[in-house]
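Structure first, then comments.
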Amino acid sequence: MTPTTETDVAEAIASATGPVRIEGGGTRPIGKQVASDTLSVAALSGISLYEPGALTVVAKAGTPVAEIEETLAKENQRLAFEPMDHRDLLGTAGVPTIGGVVAGNVSGPRRIAVGACRDFMLGVRFVDGTGTILKNGGRVMKNVTGYDLVKLLTGAHGTLGVLTEVSLKVLPMPETSATLHVHDLSPLDAVAAMSGALGSPFEVTGAAYNGDVLLRVEGFEASVSYRLSELTKKLGHYGQISQTNDPEASAEIWQSIRDVQSLQAHGSDVWKLSVKPSSAPAVLEMIQAEQTLLDWGGGLIWAALPAGRDLRAQIKDVNGHATLVRASAETLAAIPAFHPETPVVAKIGAELRRKFDPRDILNRGLMA
Amino acid sequence: MEMPTPDPFVLAKKARVVARLRSVLPADAVISDDREVKAYECDALTAYKCPPMVAVLPSTTQEVSDVLRVCHEEGVPVVPRGSGTSLAGGALPTADCVILGVARMNDVLETNYPDRYIRVQTGRTNLSVTGAVEENDFFYAPDPSSQLACAIAGNIAMNSGGAHCLKYGVTTNNLMGVTMVMMDGEIVEIGGAHLDAGGLDLLGLICGSEGQLGVVTEATLRILHKPEGARPVLMAFNDNEVAGACVADIIKAGVLPVAIEFMDRLCIETTEAYAQAGYPDCHALLIVEVEGSDAEIDEQLSKITAIARKHDPVELRESKSAQESAAIWLGRKSAFGAIGQISDYMCLDGTIPVSSLPMVLKRIGELSDEYGLKVGNVFHAGDGNMHPLILYDANKDGDLELCEKMGADILRLCVEAGGCLTGEHGVGIEKRDLMFDQFTPQDLEAQMAVKDVFDPQWLLNPSKVFPLSASQSRRAPAIAAE
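Residue numbers (the working numbering), protein chains in the order written: chain A, 1 to 368; chain B, 1 to 482.
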């Protein structure tokens, strides 16, 4: 099914007789995939409204992310949460859509400084599991009118409703951007250095570790060089320091971190862990991964593990959550992609799904 | 303002409810004397008052759980209360309710600078969260005007904002985890010191739910290092529309100030008479603040003033020192007090797309003429969150009703312009009956279905947020007294 209007989506859902798989560009098949009819929102496409002076963009769910980014770039603006492109990591083709980004609450390295996709979401229009068209939020930056179903739908992976239109806050693009490298650090020193940088007034907008610590600074030219020199003073004792001052070279570094390129070649399972940054060094010890990448100052751990190994069993006492982002269908049959919830949270989630999708047809079992 | 009729079955068993509450709380934590409960009869929406049946002041999450379990078993409505500073009547009691105040729960539980969070009990005031970390040069970013008094519990309930949210976001963007007690007494942990939810974003759902889904007793909050410095520039214009265009140009130019505040002629004149801030004689005034090192501030301010000059300002006053900054902020910070000196007023909170600012201000002026009530406008212009202040005379028969009617018209105007009824104060009772102007019955049904999941009997703050006509069938009659 490829409906072209919101009304068609509503009719398709209302008349569905069994489970429906909801798809944007089909580039992020995360979670258990159940055989069923597919409803693609790719034909619901286009930017409905863009007001640069109000920092707001409204787009239909199937709009390609690239189209939005190009439109914003013309006004020197951007999606500040830097959504990851999953295609290379997951080996998928297709066109990433804004609806898919929102459904997965997909963010990138800048999440540590400015917030996740959910923090930039202003409004949604969606079709629930009964085929009813609903809206929540709007297109203004401050809105506390009624419950925040916008956040509930963001990251719900299409299990509560089919997104048809989303409104997002955008931010200005900085004049320039640069990267500071602190070379050859142990995980313990790396997290300490990143915490020092993120806990400074120098507005670091990326803090990652791949053997070297990488710190991104963005803003006006003079500001960036000032902050780089302050950070160099602050972190010099951790190790040798160098800089990438060319904005394009710097952007490439961060795109590679965003898309987790260093893990792509490993033909094994890929996990994503969210932990308190200071837990990261101990977690790396516990999991003994083939390859890792730390982002968000250590709070986000990407890990490539041998196929079928249950990482969660190795980190039982660590607070946080782990998602199995890439694995074979056999592994996913044995190890749930999404982190198991406490009984009370699982019960709330199940009851919410029953309210929004009483027939349990939308991406059935995907987050289970 | 219509409120549901108190449930006679609940009122009839007051003695028994009090006895059961006393069995789970220390003696001084249960207030049932008719004179003493009057202290809880209203919040900052003082036009409406109703003493509760009982007030309780628990000190721990377990005590909150015990209270809610008792009330759940007895079918007694519970109205949670932070510091009682809601401007929307979010903590207004009903005569048959138990007020659950978290004021005694104000401990700091954990401070972690490397991971940049603080965990507090939610009765702690907003400003004292920053107070707990400022010796290490950290702060908690959301800064509602009432931050000296308002509690984190209420901030979470209303998803409170503040003047600096253009850069730092509102409560929901700075809240990492909560301990929450459900109406049946079950204690649930959501989120924590790590980022983002594993499953559904329940944290985002709870924040801003006006105390209707659970009682949040502990919160993990993001803390940040203070900027090196901050300084404002004051810009005076002779036309609201020009000031609005200037705001849009500043934002489009790629400078992201921490605050852009707007005051109109009535507010400028009134605050000038009250606080003598030395503001220029003009029709519209903007205060734009930026942060960073001294050199960074200078650079940003020079870009901003260059934009402002294109709009033919009456005056541009760039702060060069802490003293000059204080003088620029003095009038803005005195605005509400100054208006309060000359008149009773009602403060609205609608948000509009920034591009609609000139049209909305013009229309508010026309409504002011139609109703014969003066309106002052002072607001966060960067994010379109307006605070029109309607002046009225509380001693004049019918004036409050007239003022409320005009307020409703202004809020409808905000919705028509593409905005919303409330940007940071919440719906409470104040905007409850306007919800159908923003939402379809189905939209509201979806929200009420969420409450059904968390509180199936609709005992938690039941007569708020949704029009009474919409929630009537859900607000169940209490279990009859034995």
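Virtual Cβ for every residue (Gly too), placed ideally from N, Cα, C.
Not a single C-beta of chain A is nearer than 8 Å to the C-beta of F139 (chain B). Rounded to whole angstroms, the Cβ separation of L459 (chain B) and C71 (chain B) is 7 Å, and the two are in contact under 8 Å. C-alpha of G46 (chain A) to C-alpha of A66 (chain A): approximately 12 Å in a straight line.
With the criterion set as a beta carbon lying under 7 Å from some beta carbon of chain B, the members of the region 344 to 355 of chain A are V344, V345, I348, G349, E351, L352, K355, in sequence order.
Cβ neighbours of P19 (chain A) within its own chain (closer than 7 Å, five residues either side excluded): V34, S36, I361, R364.
DSSP, read as helix, strand or coil, puts Q147 (chain B) in coil. The Cβ atoms of I133 (chain A) and V127 (chain A) lie closer than 8 Å to each other. DSSP, read as helix, strand or coil, puts G382 (chain B) in helix. Residue-level contact check: L256 (chain B) touches chain A, since one or more beta carbons of chain A fall below 8 Å from its beta carbon. E51, P52, G53, A54, L55: these are the residues of the region 42 to 55 of chain A whose beta carbon lies less than 8 Å from some beta carbon of chain B, given in chain order. Listed along chain A, no residue sits closer than 9 Å to R119 (chain B) by beta-carbon distance, the nearest being about 12 Å off.
Going by DSSP, S471 (chain B) is part of the alpha helix (DSSP H) stretching over 468 to 471. Put simply, the CB of T132 (chain A) is near chain B, with a gap under 8 Å to one of its CB atoms. Per DSSP, G99 (chain A) is one residue of the alpha helix (DSSP H) stretching across 98 to 103. For V108 (chain B), the closest alpha carbon among the candidates B:G101, B:K226, B:T94, B:T125 is that of B:T125.
In the structure shown, the three-state DSSP call for F439 (chain B) is coil. Counting only residues of its own chain and dropping the five nearest sequence neighbours on each side, E41 (chain B) has a CB closer than 7 Å to the CB of K49, C50, P51, P93. Against chain A, the CB of L460 (chain B) has no partner CB under 8 Å away; the residue lies outside that interface. Judged by their CB atoms, L324 (chain A) and T159 (chain A) are not nearer to each other than the 8 Å cut-off. Burial state of M194 (chain A) is buried, judged by a 10 Å Cβ sphere holding 16 or more other Cβ atoms. With three or more CB-CB distances shorter than 8 Å, the region 204 to 222 of chain A counts as touching the region 238 to 256 of chain A. Nearest to P80 (chain B) by C-alpha distance, out of B:Q447, B:Q62, B:A103, is B:A103.
As far as DSSP is concerned, W329 (chain B) takes part in no beta bridge. Taken in chain order, the complete alpha helix (DSSP H) segments of 4 or more residues contained in the region 362 to 436 of chain B are 399 to 416. The same chain holds no residue with a CB closer than 7 Å to that of D281 (chain B) once the five nearest residues on each side in sequence are set aside. Of all residues in the region 290 to 304 of chain B, only E291, G292, S293, A295, E296, E299, Q300, K303 place a beta-carbon less than 9 Å from a beta-carbon of chain A. Fewer than three Cβ pairs drawn from the region 218 to 231 of chain A and the region 253 to 266 of chain A lie within less than 8 Å of each other, which leaves the two stretches out of contact. Counting only the Cα atoms, R265 (chain B) lies some 12 Å from A273 (chain B). The Cβ of R116 (chain B) sits closer than 8 Å to at least one Cβ of chain A. For G428 (chain B), no Cβ of chain A is located within less than 8 Å of the residue's own Cβ. Taken atom to atom, the span from the alpha-carbon of C97 (chain B) to that of E290 (chain A) is near 59 Å.
Following the DSSP letters along the chain, one finds P8 (chain B) inside the alpha helix (DSSP H) bounded by residues 8 to 12.
As the crow flies, the alpha-carbon of R110 (chain A) is around 36 Å from that of E445 (chain B). Neighbours of E186 (chain B) across chain A, judged by C-beta separation under 7 Å: V344. Residues of chain B whose Cβ lies closer than 8 Å to the Cβ of Y226 (chain A) are, in chain order, S293, A295, E296. Residue contact with chain A for P227 (chain B): present (Cβ-Cβ distance below 8 Å to some residue of chain A).
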